[in-house]
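Visitor: Quick one: this structure, given as structure tokens, is what I'll be asking you about.
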Amino acid sequence: MSGLKTENLAKSYRTRKVVKKVSIEVKQGEIVGLLGPNGAGKTTTFYMVVGLTRPDEGKVLLNDEDVTNFPMHQRAKKGMSYLPQEPSVFRKLTVEENIIAVLESQKLGSFDRKKKARALLRELNILHIKDSKAYSLSGGERRRVEISRALATSPVYVLLDEPFAGIDPIAVADIQSIISQLKKKGIYSMQKFWIFQKIKI
6 MSGLKTENLA KSYRTRKVVK KVSIEVKQGE IVGLLGPNGA GKTTTFYMVV GLTRPDEGKV
66 LLNDEDVTNF PMHQRAKKGM SYLPQEPSVF RKLTVEENII AVLESQKLGS FDRKKKARAL
126 LRELNILHIK DSKAYSLSGG ERRRVEISRA LATSPVYVLL DEPFAGIDPI AVADIQSIIS
186 QLKKKGIYSM QKFWIFQKIK I
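Right, dumping it as structure tokens:
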């Protein structure tokens, strides 16, 4: 697999150049972070990669296929999963129901959906809260559920927007461990951080 690449991405808003010729390459099993202070263009670059913003110039390539003009759902079919910074769980559903909801888009029977959901919950050490409503979760638990949802479709590329935002230091260590496990599985991972965050993978 050739991986995830960007070539000379550029974006302007009116007369302000926000991103200028950004090229990134993420190889299999690599963890790549976008680092920089507020206003450095991290969010715009990230959004161009995931398909939320169209670049003025440059390309986004998945395994050498140009997906620059693909919307998010088409990139998802190519194996790209996106975890936003904002809470993305269904608050009134249980933890298990949140995972199953994502699996509804796959050609699986109800038994297989539940089996896969529980395997993911077990892998991320949250099987014990499978019946808890999402609104009752701590920040770290919610983030684990969101990561489980991002992994439910068996993606090749996982893009994490501020994965440690709003969670306590102990939960940060847990999420770092999960991200390291993605690396061992050969999943490509790109993340966006503020530059002042402490990062240890």
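Start counting the sequence shown at 6; every next residue gets the next number (the numbering used here).
Using N, Cα and C, we set each Cβ at its ideal position, and we do this for glycine too.
1. Exposed or buried, which one is Asn74 when buried takes at least 16 other CB atoms within 10 Å?
2. Going by DSSP, what residue range makes up the beta strand (DSSP E) through Arg123?
3. Do you know whose CA, among Arg127, Ile175, Val23, lies nearest Asn43's CA?
4. Helix or strand or just coil, what does DSSP make of Asp166?
5. Do Ala139 and Phe95 have their C-beta atoms closer together than 8 Å?
6. State the Cα-Cα distance for the pair Glu146 and Ile131, rounded to the nearest angstrom.
7. Is it a yes or a no for the segment 116-128 touching the segment 89-106, going by three-plus beta-carbon pairs under 8 Å?
8. Touch check for the segment 33-43 and the segment 72-86: three-plus C-beta pairs under 8 Å?
9. I need the DSSP call for Arg59, collapsed to helix, strand or coil.
10. Using only alpha-carbon positions, find the residue among Lys82, Arg149, Arg19 that is nearest to Ile175.
11. According to DSSP, is Asp71 part of a helix, a strand, or is it coil?
12. Take Ser7 as the anchor and find which of Ser17, Pro60, Phe51, Asp71 has the nearest alpha-carbon.
13. Can you check whether the CB of Leu113 is closer than 8 Å to the CB of Met85?
14. If we define contact as Cβ-Cβ less than 8 Å, is His133 a contact residue for chain D?
15. Let me make sure I understand the geometry here. Which of Leu108, Asp173, Glu62, Ser143 has the alpha-carbon closest to that of Lys16?
16. Bridge partners of Val24, per DSSP?
17. In this structure, how does DSSP classify Glu109 when only helix, strand and coil are distinguished?
18. Considering only the alpha carbon of each residue, which of Val107, Ile184, Pro89, Val37 lies closest to Lys10?
Guide: Let me lay it out:
1. Counting Cβ neighbours within 10 Å, Asn74 comes out exposed, since fewer than 16 surround it.
2. Taken as a continuous stretch (DSSP letters only), Arg123 belongs to no beta strand (DSSP E), being part of the alpha helix (DSSP H) at 115-128.
3. The alpha carbon of Asn43 has as its nearest neighbour, out of Arg127, Ile175, Val23, the alpha carbon of Val23.
4. It is a strand residue.
5. Taking 8 Å as the cut-off, the Cβ atoms of Ala139 and Phe95 count as close.
6. Answer to the nearest angstrom: the Cα atoms are 7 Å apart.
7. Between the segment 116-128 and the segment 89-106, the count of Cβ pairs shorter than 8 Å is three or higher; the stretches touch.
8. In this structure the segment 33-43 does not touch the segment 72-86; the number of beta carbon pairs closer than 8 Å is below three.
9. It is coil, neither helix nor strand.
10. Here the closest residue by C-alpha is Arg149.
11. Three-state DSSP puts Asp71 in a strand.
12. Taking only the C-alpha atoms, the option nearest Ser7 is Asp71.
13. Not closer than 8 Å, so no.
14. The chain labelled as chain D is not found in the depicted structure, where only one protein chain is given.
15. Considering only alpha carbons, the answer is Glu62.
16. Answer is Lys16.
17. Glu109 falls in the coil class under three-state DSSP.
18. It is Val37 whose Cα lies nearest to the Cα of Lys10.
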